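Everything on this sheet refers to the single structure shown next.
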Ligand code: G4P
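Residue numbers (this note's numbering): 6 to 341.
In structure tokens form, the structure reads like this:
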């Protein structure tokens, strides 16, 4: 399965980011706790390099608790201020105020020295479509003040929202990679439902999910479907045999009694997304040591090149691959 992302609304997205970033003190980035790496946009690190940074590991209720803490530690070590949040139930949302205050301590202190007291910090919320931005805002504010919905890309337009006495929030459209250089990133985004299923081959997606589950959560398929999993399932053929078993167990059959692996695939993906397989995390901090090293090297290179040119325009140009959530329409993503 190959993901290729063709961005739209790029000029608009660039303009939005360019305008907004100047207005704010702190960037609050929502990532999905099940895939904190793939749902985080690395371009924001460059774009918001002088801003305070908060990461909210949202949907932590759907992820494996054992790794929630590990991911929190991972990001904190990198200098982010982090909170685990379940925006849907509101769990963890209250502590966000405290985390934002900590992230903005230096700015609050600067204001205090100038005699400015209790000026709200201005925050910008960013994240891929469907990560839960609107749900979080509603939960934080305590009432339904922004629209939420069930399709990627529902957060639209730009508006200031008074979140509390201490925070004003600029609600911007979500941001997502237009090109998945790392195919594994595309795969994981597809698995959590961030890419419209209409353009995906869900059977292929389910086969990849089987392989991931077999590797990291070997017991869940047996527990959920009562099937025997051979020890060696490390290729798509092996995975399709498992889908066949699920199909038979769940009576997903086509004429002649043959296993309908397409239906079984959809069932498996639905079960995963609905946490019926349990709370599952698909990425682990320990896997990213190599990427981190590469990023640090790239950052150093980027810094050198920025030094030798005009910093601001250069940074904005570098975000040319950022697209808005509105650009996540079917015709802009191709999968083969
Ligand atoms: P967005 O603005 O970033 O695009 O995302 P949005 O808030 O619309 O949330 C997308 C979906 O994710 C919604 O589900 C929302 O309820 C769900 N969600 C957001 N945060 C959390 C969380 O922390 N935990 C869980 N379990 N779900 C969360 P939906 O099915 O699309 O809508 P609905 O049926 O809940 O209304």
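Positions of the beta carbon are idealized from the N, C-alpha and C atoms, including for glycine.
Quick caveat, the model's predicted, so the values are computed rather than measured.
The Cβ neighbour count for residue 291, taken over all protein chains shown within 10 Å, is under 16; the residue is labelled exposed.
With at least 16 other beta carbons inside 10 angstroms of its own, residue 268 counts as buried. Per DSSP, reduced to three states, the secondary structure at residue 36 is strand. Judged by the Cβ position, residue 67 qualifies as a neighbour of the ligand G4P at the 7 Å threshold, a heavy atom of the ligand being closer than this. Contact check for residue 173 and residue 127: beta-carbon distance about 5 Å, within the 8 Å limit, so the pair qualifies.
Straight-line spacing of the CA atoms in residue 175 and residue 47 works out to 20 Å.
In the three-state reduction of the DSSP assignment, residue 101 falls in the helix class, which pools H, G and I. Take residue 284, set aside five residues on each side of it, and the residues of its chain with a beta-carbon closer than 8 Å to its own are 66, 67, 68, 69 and 70, in chain order.
One Cα belongs to residue 190, the other to residue 51, and the distance between them is close to 20 Å. Using a cutoff of 7 Å, the CB of residue 140 counts as near the ligand G4P, since one of the ligand's heavy atoms is closer than that. Secondary structure at residue 131: strand, using DSSP grouped into helix, strand and coil. By the neighbour-count definition (other C-beta atoms within 10 Å, threshold 16), residue 281 is an exposed residue.
At a cut-off of 7 Å, the beta-carbon of residue 64 counts as near the ligand G4P: some heavy atom of the ligand is closer than that.
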